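Notes follow the structure.
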Amino acid sequence: MKRFIQAALISAGMMTVSQSIFAAPTQAADTIFYGGPIVTVNAKNEEAQALAVQNGKIVAVGKKSAVTKEWQAESTKLIDLKGQTLMPGFVEPHIHILMTAITEEMWLNLSNFTTQYDTLDSLSQKLKAALKTLPKGQWLAAFGVDPSRTTPFMAELNADILDKVSTEVPILVMNQSGHIAYVNHKAFELAGITDKTPNPGDGGIYMKDAQGHLTGVVIEPSAILSLVKHMPPPSDAELAAAMQKTAKYIASKGVTTSAEITLGLMLGLDNELKLFNAVTHSNDFPIRVRAYLYGPLLGKNFNTIKPFDGDDRLRFVGVKFVSDGSTQGITAALNEPYDYPKGSKFRGNLDYQDEQIYEQIKPIYDQGWQLAIHANGDRTIEQTLNNYAKLLAGNPDPKSRRLRIEHFTINNEDQVKRAAKMGIIPGFTIGHVDYWGEVFHNQIVGPKRANRIDPSASFKKEGARFAYHSDSPVSNVGPLNYISEGTGRLWQKPPRQVLGPNERVSIDDAIRAVTINAAYEMFSDDKLGSLEVGKQADLVVLSANPRKTAVEQIRNIQVKETWIDGKKQSW
Ligand SMILES: [Zn+2]
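Numbering (the numbering used here), first residue to last: 451 to 1021.
Written out as structure tokens, the structure reads:
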């Protein structure tokens, strides 16, 4: 436009050629980045030499000579990347921010992503040690045990084992998947749950043994939360501090925008709205948030918040439901039985009957909300696709609704094709391949089903978008990790093996899965996810260019800086 105006002025004789594009710029950029590769993630995956920012927005991307000529003024701050790489800030479309803050900053963190696995004994020792410093009146709450990554395989805590840690202090230990918890009898007692208490609905189960006694294993969010709500609540200040720490941790991984995928789940909708409003608008919160309300909390006539309410720091874009459990937890709903234990006929559980979930999502869809449904197993994916097809029937532009399926783990080819046709965006917990690939392949579902998990290349073949996420606290936040995982598909446990080589994607496609596609998945691609003129200047500075790095080394690239709206963030 400016060039056009200048040309018009020249032809009108109001400006000489020497005064025009070769003279001092008519507009001054606040900042110009140069001196390293600038990975734009535009439609052609182009790289640029310089990027200019004005008032928090990108105003020029291109050749250094052109950008500086047009935008460099005396007041412009020049930033020499010194060979480092500039990219769009990463976008994380599925994180439980508050759950991560609570479980990793306030609870005992038992997560173990090393190959030195825990045993029931080492876990009990860690719990006993934590008991010594536990303030009086508190529950011993922990997160991150994982029977599928415990020695021996599938060794599981229960009420009797936890009673040996304490019969006086209530204990609740959450499974790494977030879909299972283990509690002692004191916890049941304080929550008023007995052998006769009915299951709480929404797929929740209090597991019982053959004699009808509670085992201490508790399944799905509704059942777990019926215990968690009896814990003494943390203060607002404690919560805000934990949230800020978590946001800084997320930012340190290069993320500038993150989903809160289940707003309201932990503390109720009103409490969490207050908390998120306060923290995301504070001066020292280095990520934008795109929030998904936790569906079961919304009544039919819910109207306190409308789709896309909010602002650039905190926007409400969707509603999330959970329709099954975890594959590594052997609770996701499959079409064919699990391979473990051998000869098992168990196919997992759907949290809702087809009609039951349809009745919940229909009024929300009709209000214009984007839906995000958690479906790990192929039986749940089938149910979700059927219900989405019913919702979209007669819609001339189904893709405009950008319906989401979270995880899309165990799947078949037909489901990929159907999803792609409806414009459904699958979000893959690509860390499944890394941390659980070996047990999926060798124990839980067998090679045929395991090789197809997180079917990135299959979606690409259908011309459809896909995005990667951590599902933190389920797996570690780290978009650079996801790029290695999506392109290499190597599992962690030695001897390492490629899980489903056909589903590997190019580095550029994996980069899109953590930037522009993730932004698209959250209706934010108009402003975020690539470095193009007119978009917000949300940036990440990396020690190396992932496009020029060996696949397995991409995860080791260092995140140096993140910027939001052209302002450097501190973390
Ligand atoms: Zn999740």
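Positions of the beta carbon are idealized from the N, C-alpha and C atoms, including for glycine.
For clarity, every value in this text was computed on a predicted model and none was experimentally measured.
C-alpha distance - K1017 paired with W521, whole-angstrom precision = 18 Å
Whose C-alpha, out of L664, G718, Y744 and Q820, is nearest the C-alpha of V678?
-> G718
For the alpha helix (DSSP H) that contains E863, what are its first and last residues?
-> E863 to K871
With a threshold of 16 other CB atoms inside 10 Å of the CB of K578, please say whether the residue is buried or exposed.
-> exposed
State the Cα-Cα distance for the pair A839 and G984, rounded to the nearest angstrom.
-> 35 Å
Whole-angstrom C-beta distance between D884 and W941, which should lie under 8 Å | 6 Å
What is the rounded straight-line gap between the Cα of P929 and the Cα of F540?
-> 7 Å
Nearest CA to the CA of H680: which residue from A969, I700 and K636?
-> K636
On the DSSP bridge assignment, give the partners of A825 in chain order.
-> H857
Does DSSP put N1006 in a helix, in a strand, or in coil?
-> helix
DSSP puts F766 in a beta bridge; with which residues?
-> A741
Identify which residue in N845, L949, R765 and G873 has its Cα closest to the Cα of L853.
-> G873
Specify, as a first and last residue, the run of the beta strand (DSSP E) that L992 falls within.
-> L989 to L992
CA-CA distance, D864 and S906?
-> 14 Å
Local Cβ density within 10 Å of V1009, reported as buried at 16 or more and exposed below that | buried
Is K698 helix, strand or coil when you go by DSSP?
-> helix
Spatial distance of K910 from V633 (CA atoms) = 43 Å
Take I643 and list the residues in its own chain whose beta-carbon comes closer than 8 Å to its own, dropping the five residues that flank it on each side.
-> Y656, L664, S676 and L677
Would you mind working out which of D801, D762, S732 and K527 sits nearest T830, comparing C-alpha positions?
-> D801
Looking at C-alpha atoms only, which residue of P597, G704 and E542 is the closest neighbour of Y567?
-> P597
Could you tell me how far apart the beta carbons of T777 and G827 are, in whole angstroms, since I believe they sit closer than 8 Å?
-> 7 Å
CB of I711 to nearest heavy atom of ligand 1: below 7 Å?
-> yes
Is the number of C-beta pairs between the segment 974–989 and the segment 920–934 that are closer than 8 Å three or more?
-> no
What does a CB cutoff of less than 6 Å around P757 pick up in its chain, not counting 5 residues either side in sequence?
-> G818 and W819
When every heavy atom of ligand 1 is checked, does at least one fall within less than 7 Å of the C-beta of H824?
-> yes
Is DSSP giving W886 helix, strand or coil here?
-> helix
Round the Cβ separation of H546 and I755 to the nearest angstrom and send it over; I've been treating them as touching at under 8 Å.
-> Actually they do not touch by this definition, with Cβ atoms about 19 Å apart.
Is DSSP giving N837 helix, strand or coil here?
-> helix
Going by the beta-carbon positions, is the gap between A870 and E805 smaller than 8 Å?
-> no
Which two residues bound the contiguous beta strand (DSSP E) that contains M604?
-> Looking at the DSSP string, M604 is not in any beta strand (DSSP E), and its letter there is neither H nor E.
Do T706 and T1012 have their CB atoms nearer than 8 Å?
-> yes
Within the same chain, show all residues whose beta-carbon is closer than 6 Å to that of A502, passing over the 5 residues directly before and after it, in chain order.
-> A479, I482, V509, A510, V517 and W521
For V678, verify whether its CB is less than 7 Å away from any heavy atom of ligand 1.
-> no
Cβ-heavy atom distance, E520 to ligand 1, below 7 Å = no
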